[in-house]
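**Student:**
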Amino acid sequence: MLGIGAFKQRLPRPEEALPGRDQPLPLPLHSNQHFVNSHPLKDRFAGLQQIRFALGCFWGAERKFWNEPGVYSTSVGYAGGITPNPTYEEVCSGLTGHTEVVQVVFDPAVVSLERLLQLFWESHDPTQGMRQGNDTGTQYRSAIHATDEAQYAAALASGEAYQAQLAAAGYGPITTEIVYPAPTYYYAEDYHQQYLAKNPNGYCGIGGTGVSCPIGLDVEVPR
């Protein structure tokens, strides 16, 4: 099912999408624990904020964020498509419409949203459309899924600021999807969670453009 024809570069229409399933993929009880910091993957996360980023293969993308001070927990999953509760193989087929996403749970008193947005923009090439580096397919497209209006406004402002920097460096238009409300997030299978901590020599396709993203944004973000 990996990489079916046109669906490497085109999102499926609803009638083309796989049906999925009613029940979520099982995340065993023992697996509701971050492999690196032991914090929960699923929780109410009272007093913390959540935002979701897609920037290519989620194995390397997740590591970028769990290493950032102030990030309480990270997990990986699928979002932005049609098929409910998809499997990894289904997402890779291109017939679910989802992209590979990192859910970032953070303490805004320790790390600002601006810093997380900067890390997002600088950790990949957001101008590549349905691919990231050598990874080709709709599941590798760039996205920010905001969980409140302030995040959405800040994400849009940061994208505009970074577009100016990229254009000056000779890059084309940003293709990142910036979405609010955030679409449904489906947790990926247990073996994908914190993959590069469990497999230190595993594949990481994450790489940026080398263009710096300005921190100073014109949008105030709640602290």
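In terms of my numbering, the sequence shown opens at residue 1218 and continues consecutively.
Glycine included, C-beta positions come from ideal geometry on N, C-alpha and C.
#1: Whose C-alpha, out of LEU1242, TYR1379 and GLY1311, is nearest the C-alpha of ILE1391?
#2: Classify GLY1296 as helix, strand or coil using the three-state DSSP reduction.
#3: Relative to the C-alpha of GLY1314, which residue among GLY1422, GLY1237 and GLN1411 is closest?
#4: For ASN1351, I'd like the list of residues in its chain whose CB is within less than 7 Å of its CB, leaving aside the five on either flank, ordered along the chain.
#5: Indicate whether the contact test is met: 3 or more Cβ pairs, each with one atom in the region 1373 to 1387 and one in the region 1261 to 1274, closer than 8 Å.
#6: Do ILE1432 and ILE1395 count as a contact pair if the criterion is CB distance below 7 Å?
#7: For the region 1407 to 1421 against the region 1362 to 1370, are there 3 or more C-beta pairs whose distance is under 8 Å?
#8: Touching or not, the region 1267 to 1280 and the region 1339 to 1358, by the rule of three or more beta carbon pairs under 8 Å?
#9: Suppose the cutoff is 6 Å on Cβ atoms and the five residues either side in sequence are ignored; what does the same chain contact list for ALA1386 look like?
#10: Look up ILE1432 in the DSSP assignment and give the residues it is bridged to.
#11: Check each candidate in ILE1299, TYR1408, VAL1321 and TYR1295 and name the one with the smallest Cα separation from TYR1357.
#12: When you compare only the Cα positions, how much space is there between THR1426 and LEU1333?
#13: So within the region 1343 to 1404, which uninterrupted alpha helix (DSSP H) runs reach at least 4 residues, ignoring any that extend past its ends?
#14: Under three-state DSSP, which class holds SER1255?
#15: Using DSSP bridges, identify the partner residues of LEU1290.
#16: CA-CA distance, ARG1348 and GLY1354?
#17: Within the continuous beta strand (DSSP E) that includes ALA1271, where are the two ends?
**Tutor:** On the basis of the data shown:
#1: TYR1379
#2: A quick correction: the sequence has Ala, not Gly, at residue 1296. Strand, per DSSP.
#3: GLY1237
#4: Cβ within range, chain order: GLY1422.
#5: By the C-beta criterion, the region 1373 to 1387 is judged not to be in contact with the region 1261 to 1274, since fewer than 3 inter-stretch pairs fall below 8 Å.
#6: No, Cβ-Cβ distance for ILE1395 and ILE1432 is not below 7 Å.
#7: No: the two stretches stay apart, fewer than three of their Cβ pairs being nearer than 8 Å.
#8: yes
#9: Sequence-distant Cβ neighbours of ALA1386 in its own chain, meaning closer than 6 Å and more than five residues away, are VAL1428.
#10: Paired residues: none, contrary to the question.
#11: Comparing Cα-Cα distances from TYR1357 to each of ILE1299, TYR1408, VAL1321 and TYR1295, the minimum goes to TYR1295.
#12: 17 Å
#13: Complete alpha helix (DSSP H) runs here, min 4: 1366 to 1385.
#14: coil
#15: The question names Leu, but residue 1290 is Ser in the sequence shown. Paired residue(s): VAL1322.
#16: 5 Å
#17: 1266 to 1271
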